[in-house]
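Residue numbers for the sequence shown follow the working numbering, beginning at 80 and rising by one.
Before any comments, here is the structure.
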Amino acid sequence: MTTQAATFELEMTRFIRAPREKVFDAFTNEAALAAWHCPRGLHVGEVAVDVRVGGHYRVTMVTRDGTAHGSSGTYQVIERPSFLAYTWAWDGEGDLAARTTLIEVTLTEKDGGTQMHMRHTGFPDAAIRDDHNQGWTSVFNRLVDYLDPEGSAGNVVLVGNPISPYVRAVRIALAEKGVAYALKSEAPHSPAVDAIHPFGRIPAMYDGPLQFYETRAILRYIDEAFDGPSLLPASGVTSRARAEQWYSVLDDYGYDAIVTRFILPYLFPSGPAPDRAVIDAALPDIDRMLATLDAAYGKHDFLVGNAPCLADYLAAPLLYSLAQMPEGPGLLAKYPNVQRAMKVMQARPSFISAEPDLEGKGDASNVTPLRKANAA
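Structural data, given as structure tokens:
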């Protein structure tokens, strides 16, 4: 008969591309624990371990605003390199802090790496267990980052066609943050995309077992989960609102005019020739978009402040694609502020690394026209 205690336990399994001795050390070495033992978006503060049966450990996890969440416990079993058991208790007051739980980690050699199985028992209810499920998943993503030969690319997989401006915007953001990732090239509505996104759109993204879809949500996750420059202005309610405003303008109006009604009718005409009626009808809306952006840039190189933000990361691939089309240079010629901002963004290594025409070339100044194979 299943007991209530058994109902409220958590079990997780992860494969780690590292020898199990190294994985075991990651759980018992202070310097290693300081590198990974907290969820994404936090950092480890204090670490102290006395790795012996009956010995104590303590770890604090610190949020970006400086709030520390401490935990401590006692080692119950130490069987290097296969098994580790220790108690866990949170600092503070209340039922959760007063409750001691048990963590058991089993490490098994598998496929040249290590299969890690973690069992965490003693939760008082399902809600607290599920909260710990989210937290441990993120913590173990950091463990994989720490041990995998590919670093964070062992977890972070971007799914989508690299020619999509939304995929390129996410790639620029990842590069700006310094996050290593793997790119899985997939078209919209492919099985790999449909497995994540209920509407089959790209991009989608994995971080370990975590799944995300919709570009704005992915960018927000990247911004809060990883170190590096913020994807939103660092300070000021007004500036952050402006960044969101310009992202929405580009997402709602820029993509429709530049890609849906201009580029795609050229590259994928419904008949033997591009549909001039559709293309010509889009040109005034593109001109209006460029005029709006030109005024927004003014004398600045970025849409908000003196550093790029998520709006610039979406603007860059859209404007680059526009420039490769027949009418593109003529449309852009009227707007010097837009042209200046384009040059600044296109010189950034993050842009070059995310642009299929330029990747590996290091030069955005001499490119061939957008080909059908590079449809946005």
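All C-beta atoms, glycine included, are put in the ideal place defined by N, C-alpha and C.
Given the structure is predicted, the values throughout are model-derived calculations rather than measurements.
What residue from Met-421, Asp-129, Ala-164 and Tyr-376 has the CA that sits closest to Leu-397's CA? Numbered from 1 along the sequence shown, position 318 holds the residue referred to as residue 397. That would be Met-421, whose Cα lies nearest to the Cα of Leu-397.
Compare the beta carbon distance of Ala-110 and Val-123 with 7 Å and say whether it is the shorter of the two. The residue you call residue 110 lines up with position 31 of the sequence shown. The residue you call residue 123 lines up with position 44 of the sequence shown. Using a Cβ distance threshold of 7 Å, Ala-110 and Val-123 do not count as a contacting pair.
Is Phe-305 helix, strand or coil by DSSP? Position 226 of the sequence shown, counted from the first residue, corresponds to residue 305. In the three-state reduction of the DSSP assignment, Phe-305 falls in the coil class.
So, helix, strand or coil for His-116, using DSSP? The sequence position of residue 116 within the sequence shown is 37, counting from 1. Coil, per DSSP.
Since Ser-338 and Pro-244 are thought to touch, with beta carbons under 8 Å apart, how far apart are those beta carbons, to the nearest angstrom? The residue labelled residue 338 in the question sits at position 259 within the sequence shown. The residue labelled residue 244 in the question sits at position 165 within the sequence shown. The question names Ser, but residue 338 in the sequence shown is Val. About 7 Å; that satisfies the 8 Å criterion.
Would you mind sorting Ala-97 into buried or exposed? The rule is 16 or more other CB atoms within 10 Å of its CB. Here residue 97 refers to the residue found at position 18 when the sequence shown is read from its first residue. By the neighbour-count criterion, in which a residue is buried when 16 or more other Cβ atoms sit within 10 angstroms of its Cβ, Ala-97 is buried.
Applying the 10 Å Cβ sphere with the 16-neighbour rule, what's the burial state of Ser-429? One-based indexing of the sequence shown puts residue 429 at position 350. Buried, by the Cβ-count rule.
For Arg-99, count neighbouring C-beta atoms within 10 Å of its own C-beta (all shown protein chains included) and say buried if the count is 16 or more, exposed if not. For this step, residue 99 is matched to residue 20 along the sequence shown. Counting the other Cβ atoms within 10 Å of the Cβ of Arg-99 gives 16 or more, which makes it buried.
By a C-beta neighbour count over all protein chains shown, 10 Å radius and 16 as the cutoff for buried, is Asp-331 buried or exposed? On the sequence shown, residue 331 is found 252 positions in, with the first residue counted as 1. Burial check for Asp-331: the Cβ neighbour count within 10 Å stays below 16, so the residue is exposed.
Is Val-238 helix, strand or coil when you go by DSSP? Position 159 of the sequence shown, counted from the first residue, corresponds to residue 238. If DSSP states are grouped into helix, strand and coil, Val-238 belongs with the strands.
Let me make sure I understand the geometry here. Which of Arg-93, Leu-369 and Met-91 has the alpha-carbon closest to that of Ala-402? Counting from 1 along the sequence shown, the entry for residue 402 is found at position 323. The residue with the shortest Cα to Cα distance from Ala-402 is Leu-369.
Beta carbon of Leu-237 nearer than 7 Å to that of Leu-329: As a working note, residue 237 is residue 158 in the sequence shown. As a working note, residue 329 is residue 250 in the sequence shown. Contact: no.
Note down, in chain order, each residue of its chain lying with its Cβ closer than 6 Å to the Cβ of Val-233, except the 5 sequence neighbours on either side. Position 154 of the sequence shown holds residue 233. The question names Val, yet the displayed sequence has Gly at residue 233. Within the same chain, Gly-233 has close Cβ partners Val-223 and Asp-227.
Would you kindly work out how many angstroms separate the C-alpha atoms of Ala-395 and Val-130, rounded to a whole number? Position 316 of the sequence shown holds residue 395. Position 51 of the sequence shown holds residue 130. The C-alpha of Ala-395 lies about 52 Å from the C-alpha of Val-130.
Sequence-distant residues of its chain with Cβ nearer than 6 Å to Asp-380 (five each side left out): On the sequence shown, residue 380 is found 301 positions in, with the first residue counted as 1. Around Asp-380: Ala-420 and Val-423.
Starting from the C-beta of Gly-120, find all residues in its chain whose C-beta is less than 6 Å away, skip the five residues before and the five after it, and write them out in chain order. Taking the first residue of the sequence shown as 1, we reach residue 120 at position 41. Only Glu-303 and Ala-304 meet the Cβ criterion.
Return the bridge partner residues of Thr-339 from the DSSP annotation. Here the question's residue 339 lines up with position 260 in the sequence shown. Bridge partners of Thr-339: none, in fact.
If you count every other CB in all the chains shown that lies within 10 Å of the CB of Gly-239, and 16 or more means buried, which is it? For the purposes of this step, residue 239 is identified with residue 160 of the sequence shown, where counting begins at 1. Around the CB of Gly-239, 16 or more other CB atoms lie within 10 Å, so the residue is classed as buried.
So, for Phe-162: in the same chain, excluding its five sequence neighbours on each side, which residues have a beta-carbon less than 8 Å away from its beta-carbon? Here residue 162 refers to the residue found at position 83 when the sequence shown is read from its first residue. By the criterion of a C-beta distance shorter than 8 Å, Phe-162 is surrounded in its chain by Val-156, Glu-183, Val-184, Thr-185 and Leu-186, once the five residues flanking it on both sides are discounted.
Burial state of Ala-426 (16 or more Cβ within 10 Å): Residue 426 sits at position 347 when you count from the first residue of the sequence shown. Around the C-beta of Ala-426, fewer than 16 other C-beta atoms lie within 10 Å, and the residue is accordingly described as exposed.
Put Leu-382 into one of helix, strand or coil per three-state DSSP. As a first step, residue 382 is located in the sequence shown; it is residue number 303 there, counting from the start. Secondary structure at Leu-382: coil, using DSSP grouped into helix, strand and coil.
Please return the same chain residues whose Cβ sits closer than 6 Å to the Cβ of Ala-254, not counting the five positions on each side in sequence. Translated into the one-based positions of the sequence shown, residue 254 becomes position 175. Hits under 6 Å: Ser-429 and Ser-432.
DSSP-derived helix/strand/coil call for Ile-358: Translated into positions along the sequence shown, residue 358 becomes position 279. Ile-358 carries a helical assignment under DSSP once its states are collapsed to helix, strand and coil.
Mapping the DSSP letters down to three states, classify Lys-256 as helix, strand or coil. The residue given as residue 256 occupies position 177 in the sequence shown. In the structure shown, Lys-256 sits in a helix (DSSP, three-state: H, G or I).
Enclosing beta strand (DSSP E) for Leu-27 [first to last residue]: Residue 27 lies beyond the residue range present for the chain, which begins at 80 and ends at 455; the question has no answer from this structure.
Start-to-end residues for the alpha helix (DSSP H) that takes in Met-404: For the purposes of this step, residue 404 is identified with residue 325 of the sequence shown, where counting begins at 1. Looking at the DSSP string, Met-404 is not in any alpha helix (DSSP H), and its letter there is neither H nor E.
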